[in-house]
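There are 2 protein chains.
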Amino acid sequence: MRDFTADHRWLSINTATVRRQHGRDWPLLEILDACARHGIRAMSPWRDQVAQAGLAATARALKAHGMELSGYCRGGMFTSPNARDDNLRALDEACELQAPCLVLVVGGLPGALAGRPEHKDIAGARHVVHEGIATLLEAARERRLPLAIEPLHPMYAADRACINTLEQALDVCDALDPGRAGAIGVAVDLYHVWWDPKLQAQIERAGRERLLALHVCDWLVPTTDLLEDRGMMGDGVIDIQRVRGWVEAAGFAGYSEVEIFSRRWWSMAGDDVLATCIERHRRCV
Amino acid sequence: MRDFTADHRWLSINTATVRRQHGRDWPLLEILDACARHGIRAMSPWRDQVAQAGLAATARALKAHGMELSGYCRGGMFTSPNARDDNLRALDEACELQAPCLVLVVGGLPGALAGRPEHKDIAGARHVVHEGIATLLEAARERRLPLAIEPLHPMYAADRACINTLEQALDVCDALDPGRAGAIGVAVDLYHVWWDPKLQAQIERAGRERLLALHVCDWLVPTTDLLEDRGMMGDGVIDIQRVRGWVEAAGFAGYSEVEIFSRRWWSMAGDDVLATCIERHRRCV
């Protein structure tokens, strides 16, 4: 297992972590500058932030800073209208930015995110998701841009993603890519999967070919909000180092990407949040 | 599948559903009277409510009304100090009240419920839980009082129960009771398990011998609180009838127990809540 205590060369910042400090949006190119200033070598930006900064300008700025991506957030939402076209655009953007993968949050029951679920057939939604991934995978293969299915915590099954365990995500991968050719895999976000009694076994099953991204934060006790109360690494109960050990034993050697949705951390100065991410990355990841 | 539309003979009320109406505790014996008045034939009381009413008085009142229990809430919390003695008392109370099973909420990381987790070793906590159930099972067998492991939603893994899927609960049952002698099984609460892609398969695996209780409510979109925003049946996205079909196909023929933790429903008159439970039981369960 790699030693993270001496430096933060394997730290990546998911830009949602610092997307709106002090109640105002922190523009992507400013986040990029700040990350570079802190010696951070990789990021994972969100599409809305890229759109605001401009795709070409973002690509130029990444190149100028020598900044790598650890992923691109996000495609998916296969149960929503226009998912197909939107996902093709996401793929093209990810290629333009030289992202290593497109992260997929697959969507839940149609309409549920807006509070108006159209039906209760989660098995049906899962079927639509499976078909959507299968179709997108063809375009992803053409572009040589891997898809990373991110299983989301079961508390998001209704409205955000009906793929909720690593086992389930890997079943989809195996069905669509039995040869493990590297075109599809998973993004393992500890917030979503830490509780799973089958986590270690499924990480082993995933192996190097399927482990495309590792997201870290922490689970707070108590957690006071379903969406915006994720913890900074070390503040909660996830045994991050143990799980990173499993992931690395399975062959993963990429970035550890910090993704924290938290009103608390959004209320602080962005530079302070980045400094804390670095310190916790060394000590707790 | 049984027809619930014509009457509510298979409705049971978990007394947490109406435990504190209008901001004040509704005493158990009053809840019991009200349930009887509404033609409800079964309940599942909580230990603290029974303690307040008195065990003998509760037993007498149940008998006087011809009220059955669909379960007794609850034992478990195996990772807490004094769990063993407390669980033996819970068993004895369940026997005194002629409950069909003692429901087990098994506990999470020690100290986490109080916001001070003592460690992050969830595998270790699961081992302690397994051992605790094994020990309690001997006492339960002597009393011929089955234990019903209730898998809790993964969002409660840290602080309330580290058994989080039906598969995991059934693995414990199979390890401790390979002969399926009926001494241990599961309480299937749809709130906790509805999202699980393996739900149908695991219900089939459970079979009649393991299916000791069925709890119903609904998952709201959005859900605004991790603890106290459960929905009334029909108000959310759980396909209750479909899952009841699976449970009954597997041999379950007991009560459908309504358990709703909800500030909204606690803010109403208890009699109105019971009337709504009856109406929804007929229409949505």
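Here the protein sequences line up with chains X and F, keeping their order.
According to this note's numbering, the first sequence is numbered sequentially starting from 1.
According to this note's numbering, the second sequence is numbered sequentially starting from 1.
Glycine included, every Cβ here is placed at the ideal spot set by N, Cα and C.
Would you tell me roughly how many angstroms separate the C-alpha atoms of residue i and residue j, rounded to the nearest one?
i, j, result
"F/G108", "F/K120", "10 angstroms"
"F/E167", "X/R205", "18 angstroms"
"F/L11", "F/H281", "7 angstroms"
"X/P197", "X/L136", "31 angstroms"
"X/G23", "X/L29", "18 angstroms"
"F/A213", "X/V247", "38 angstroms"
"F/P151", "X/M268", "38 angstroms"
"F/R2", "F/H8", "11 angstroms"
"F/A94", "F/C101", "7 angstroms"
"F/W265", "F/V258", "12 angstroms"
"X/L211", "X/P178", "15 angstroms"
"F/R263", "F/Y156", "18 angstroms"
"F/A36", "F/H65", "7 angstroms"
"F/H215", "X/G270", "46 angstroms"
"F/D159", "F/V188", "19 angstroms"
"F/D25", "F/E138", "35 angstroms"
"F/H153", "X/R60", "45 angstroms"
"X/G234", "X/D272", "16 angstroms"
"F/I240", "F/D218", "8 angstroms"
"X/H127", "F/L88", "46 angstroms"
"X/A27", "X/V103", "Residue identity differs from the one stated: residue 27 of chain X is Pro in this sequence, not Ala. Cα-Cα distance, rounded: 21 angstroms."
"F/R38", "F/E142", "It should be pointed out that residue 38 of chain F corresponds to His in this sequence rather than to Arg. So the alpha carbons of these two residues sit roughly 36 angstroms apart."
"F/M232", "X/E228", "25 angstroms"
"F/I184", "X/S44", "47 angstroms"
"X/D144", "F/R242", "Correcting the residue type first, residue 144 of chain X is Arg in the shown sequence and not Asp. Cα to Cα, X/R144 sits roughly 41 angstroms from F/R242."
"X/V172", "X/V129", "10 angstroms"
"X/R19", "X/A148", "22 angstroms"
"F/N14", "X/A42", "52 angstroms"
"F/A249", "X/G124", "21 angstroms"
"F/F252", "X/A83", "41 angstroms"
"X/A275", "X/I40", "10 angstroms"
"X/A16", "X/V193", "19 angstroms"
"F/L190", "F/M67", "24 angstroms"
Kindly identify the DSSP beta-bridge partner or partners of residue i.
i, result
"F/S12", "F/A42, F/E257"
"F/S262", "F/D229"
"X/G185", "X/A148"
"X/A161", "X/G107"
"X/L214", "X/V188, X/S256"
Check for me: the alpha helix (DSSP H) holding residue i runs from which residue to which?
i, result
"F/H119", "Counting along the chain, F/H119 falls outside any alpha helix (DSSP H), and DSSP gives it neither H nor E."
"X/L274", "270 to 284"
"F/D239", "Element bounds for F/D239: n/a, residue is neither H nor E."
"F/L166", "166 to 176"
"F/A36", "28 to 37"
Starting from residue i, follow the beta strand (DSSP E) in both directions and report where the run begins and ends.
i, result
"F/H22", "Element bounds for F/H22: n/a, residue is neither H nor E."
What residues in the region 214 to 248 of chain X bring their beta carbon closer than 7 angstroms to a beta carbon of chain F?
-> W219, V221, P222, T223, L226, V237, I238, D239
What are the start and end residues of each continuous beta strand (DSSP E) run of 3 or more residues lying completely inside the region 48 to 110 of chain F, in chain order?
-> 72 to 76, 102 to 105
Which of the residues in the region 144 to 155 of chain F, read from start to end, lie with their CB under 9 angstroms from any CB of chain X?
-> H153, P154, M155
Mind checking the region 104 to 119 of chain F against chain X and listing, in chain order, the residues whose C-beta falls within less than 7 angstroms of any C-beta there?
-> L109, A112, G115, P117
Name the residues in the region 120 to 135 of chain X whose C-beta lies less than 9 angstroms from a C-beta of chain F; which are they?
-> For the region 120 to 135 of chain X, which is checked against every Cβ of chain F, the residues closer than 9 angstroms are K120, D121, I122, A123, R126.
Taking only beta carbons into account, state which residues of the region 158 to 169 of chain F come closer than 9 angstroms to chain X, listed in chain order.
-> A158, D159, C162, I163, N164, T165, E167, Q168
Contact list for the region 167 to 200 of chain X against chain F, Cβ threshold 7 angstroms = The region 167 to 200 of chain X vs chain F, Cβ under 7 angstroms: Q168, W195, P197.
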